[in-house]
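These notes are about the structure you will find just below.
Residue numbers (the UniProt record's numbering): 1 to 124.
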């Protein structure tokens, strides 16, 4: 799995919004004749639109890595600097496997007796 790992970095000096640069790269990869359909993609970010962007790739193995945000953490603390320092050192992460989310969408929108096309529903 890790033998062919490729990390792509496109910093602030390259124009464009980060997630859209990533999506463009995935589209370009899919157009290559030697593209492997079981390629696994992991995207890091907090934006909720990453979920939708990941779904519309129609890639079977797309995962989002996100930091868990606790909005109430340290709210009652008197020392805000101490709270911020503690919060930034305690980062927990979660993985959102879009294939699992896709299964839940199928359960919700595509009953056994319907002819619903999940991929078209996602695109809409």
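Beta carbons are placed, not taken as given, at the ideal position from N, Cα and C, and that holds for glycine.
Just so you know, these numbers come straight off a predicted model, no measurement behind them.
For residue 14, the secondary structure class from DSSP, reduced to helix, strand or coil, is coil. Here residue 62 is buried, its C-beta having at least 16 other C-beta atoms within 10 Å. Taking a 10 Å sphere around the C-beta of residue 55, we find 16 or more other C-beta atoms and assign the residue as buried. Residue 94 sits in a strand when the DSSP states are folded into three classes. For residue 67, the enclosing beta strand (DSSP E) stretches over residues 62 to 67.
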